[in-house]
Structures are given as structure tokens and as C-alpha cells.
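Asker:
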Amino acid sequence: MTPTAISENLRRIRATIPEGVTMVAVSKFHPAEALREAYDAGQRIFGESRQQELLKKIPQLPADVKWHFIGHLQTNKVRSLIGKVAMIESVDSIRLLELIDKESAAAGVVTDVLLQVHVAAEETKFGFTPGELAEFIATDPHTRLSATRLRGVMGMATNTGDTGHVSSDFRAIADCFRHAKASAPAHFDIISMGMTHDYPLAIECGANMVRIGTAIFGEREY
Ligand SMILES: *Cc1c(COP(=O)(O)O)cnc(C)c1O
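In the working numbering, the protein residues as written are 23 to 244.
1) Using only the heavy atoms of ligand 1, determine whether one of them is closer than 7 Å to the beta carbon of M217.
2) Please check the pair D114 and F148, which I expect to be a contact at CB under 8 Å, by giving their CB distance rounded to whole angstroms.
3) Counting only runs of 3+ residues fully inside the region 113-186, write out the beta strand (DSSP E) ranges in chain order.
4) Just tell me which of T165, R193 and Y244 has its CA closest to the CA of A206.
5) Consult DSSP for K106 and reduce its assignment to one of helix, strand or coil.
6) Could you pull out every residue in the same chain whose Cβ sits closer than 7 Å to the Cβ of A160, ignoring the five residues on either side in sequence?
7) Taking the alpha-carbon of G72 as reference, which of E55, F158, A63 and S112 has the nearest alpha-carbon?
8) If you run the structure through DSSP and keep just helix, strand and coil, what is F239?
9) Under 7 Å: does the beta carbon of S168 sit that close to some heavy atom of ligand 1?
10) What does a CB cutoff of less than 8 Å around V100 pick up in its chain, not counting 5 residues either side in sequence?
11) Per DSSP, which one or two residues make a beta bridge with S2?
12) What does DSSP give as the partner residue(s) for V100 in the beta ladder?
13) Assess, as a yes-or-no matter, whether the region 66-82 is touched by the region 129-141 under the definition of 3 or more beta carbon pairs within less than 8 Å.
14) Comparing C-alpha positions only, which one of A194, I104 and I212 sits nearest to G42?
15) Between the beta-carbon of I80 and the beta-carbon of K106, is there less than 8 Å?
16) According to the Cβ coordinates, are V188 and V46 closer than 8 Å?
17) Looking only at C-alpha atoms, which of T97, K78, T218 and H140 sits nearest to G235?
18) Pick out the complete beta strand (DSSP E) segments inside the region 35-95, 3 residues or longer, and give them in chain order.
19) Between V87 and ligand 1, is there a pair consisting of the residue's CB and a ligand heavy atom that are separated by less than 7 Å?
20) Please look up how many angstroms separate the CB atoms of A156 and D220, rounded, as I've assumed it's under 8 Å.
21) On a Cα-Cα basis, can you pick out the residue from Y244, N181, P222 and H140 that is closest to A37?
22) When you compare only the Cα positions, how much space is there between L32 and W89?
23) For T182, which residues of its own chain have a beta-carbon under 8 Å away from its beta-carbon, when the five flanking residues on both sides are left out?
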């Protein structure tokens, strides 16, 4: 992608995103120069899914970038990210959440997190089922968390062209959020769902955070 293409893409996408919906620019597999172009076009929130890649990019971008971690996070990599990421969107187990809390407390910071909900049958094995999430919020010691703020949920729809199926997945994630909200802390206010091919539908179904990569930066080369 040429620089102008990236800023052009951002401008075009922003025009489709209503006020109140936050766009995370998913920059995984793209070089720091591409992120810099997006930064220069006003983008401040970037999403990365691999710890090493993220740690490499952080010093290459200005300090006011807010990094969101969106990939599966192994417990042995938590410490390295604490204090460097603004949000971990992909908290997929209580064990991981408790570790993030412990490491954040030790570092003297508060980390915002989203709980990953698993509704799309075949897409990933990671995440809480809606039932597990409801049970955790209703009963578990989430109130004991001292250095973690539960900000909401993150999820993905099934990767299919069947928009009926996709929207029912998104509605399931949004329902999960609403159900949890009743017993969640006050700052539980984010529904992160929707990517390049399905974000308009996600917004229709209640997303107030979307994670867009390909439409901004072009195809990834894995
Ligand atoms: C890669 C990724 C995205 C962005 O996907 P695009 O289709 O490129 O927009 C969003 N969310 C997560 C969790 C991802 O891993």
C-alpha cells in the first residue's frame, strides 16, 4: 500500500463509521512505516496479535499510540506487555485475567481488558462461551480484581457469506454483553466486534468498537 492509499482508505472507512464507534486499526504483519502513515492520517489506536511483533513496533511509533492486543496471549508473555498496551481485548480465560491483574498490580498500572466471547462455531477455540461469561460475571471474584478494569466483550462472527448467520453471531455477542452488564462494573461499556468484511453489520448489531485491518492496510503477507 502506498502512503496515500492508506490515508485514503482511512478517510473512506471513517466516513462509514458512526460517532461513538471506535476504530482499531489492525496492523499485524504490516511494517512500522505503514502504521506511521496511518498515524500521520490521525489514527491513534492500533491492534496487534503477536507479542514479539508488537514489542518491536512500539518504539518505532510515537508514544501517544494506544496499542490493543487482540491475539491469543500466552501466560508467559503477559508481563512483557503490561504497561505497554492500553487494552488487552483477547482475555479468554479466568487464569489469564488473574495473571494480567497480578502483573498489572506489580507494575503499578491498571490494564483495561475485554473478555473474549466465543460464539462462532469453527473460528477459534479461544474465549468464554456465553454461559461461562455470564457465570463468571455473576459469581466469580471479578470484584477482587485490583489492577484490571473489565471494559466489555470482544468477539468474532463465523467466517461465512451468510449474513443471517453473521448477524445472529453478532447479536449473540451483544446479548452476552447486555446480560453481563447487569452485574458488571460501571465502566463495562465496550462491544468490540466487526472486521473488514463484516463491520457494518457488527455496528448494526451493537458494536461500539470495530477492528479493521485489510481495508486499511491491504492484504497481509503471512
Ligand atoms: C486480524 C484481525 C482483525 C482484522 O481483520 P481484517 O479482516 O483484516 O479487518 C480483527 N480482529 C482480530 C482478532 C484479528 O486477529
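Note that beta-carbon positions come from the ideal geometry of N, C-alpha and C, so glycine has one too.
Answerer: According to the data block:
1) For the purposes of this step, residue 217 is taken as residue 195 along the sequence shown, with counting starting at 1. True, at least one ligand heavy atom lies under 7 Å from that Cβ.
2) Here the question's residue 114 lines up with position 92 in the sequence shown. Here the question's residue 148 lines up with position 126 in the sequence shown. Right, their Cβ atoms sit about 4 Å apart.
3) 133-139 and 170-177
4) The sequence position of residue 206 within the sequence shown is 184, counting from 1. A206 has its Cα closest to that of T165, out of T165, R193 and Y244.
5) Reading the sequence shown from its first residue, position 84 is the one you call residue 106. The answer is coil: DSSP assigns K106 none of H, G, I, E or B.
6) Against the sequence shown, residue 160 aligns to sequence position 138. Within the same chain, A160 has close Cβ partners S205.
7) On the sequence shown, position 50 is the one that residue 72 refers to. For the sequence presented, residue 72 should be read as Arg rather than Gly. Per the Cα distances, S112.
8) One-based indexing of the sequence shown puts residue 239 at position 217. Three-state DSSP puts F239 in a helix.
9) Here residue 168 refers to the residue found at position 146 of the sequence shown. Checking the Cβ of S168 against ligand 1 gives no.
10) Position 78 of the sequence shown holds residue 100. Contacts found: L118, L121, I122 and E125.
11) This structure does not reach residue 2, given that the chain is present from 23 up to 244, and the question cannot be answered.
12) Start at 1 with the first residue of the sequence shown, and residue 100 comes out as number 78. For V100, which the question treats as bridged, DSSP gives no partner whatsoever.
13) no
14) The sequence position of residue 42 within the sequence shown is 20, counting from 1. Measuring from the Cα of G42, the nearest candidate turns out to be I212.
15) Your numbering for residue 80 matches position 58 in the sequence shown. Your numbering for residue 106 matches position 84 in the sequence shown. Cβ atoms of I80 and K106: closer than 8 Å.
16) Locating residue 188 in the sequence shown gives position 166, counting from the first residue. Locating residue 46 in the sequence shown gives position 24, counting from the first residue. Taking 8 Å as the Cβ cut-off, V188 and V46 do not qualify as a contacting pair.
17) The residue you call residue 235 lines up with position 213 of the sequence shown. It is T218.
18) 44-48, 67-70 and 88-91
19) Walking along the sequence shown from the start, residue 87 turns up at place 65. Because no heavy atom of ligand 1 lies under 7 Å away, the Cβ of V87 does not count as near it: no.
20) Within the sequence shown, the letter at position 134 stands for residue 156. Within the sequence shown, the letter at position 198 stands for residue 220. Contact doesn't hold; Cβ gap of about 24 Å is too wide.
21) Numbered from its first residue, the sequence shown carries residue 37 at position 15. Answer by Cα proximity: P222.
22) For the purposes of this step, residue 32 is identified with residue 10 of the sequence shown, where counting begins at 1. For the purposes of this step, residue 89 is identified with residue 67 of the sequence shown, where counting begins at 1. Cα to Cα, the separation comes out at about 18 Å.
23) Within the sequence shown, numbered from 1, the residue matching residue 182 stands at position 160. Same-chain partners within the cutoff: V188.
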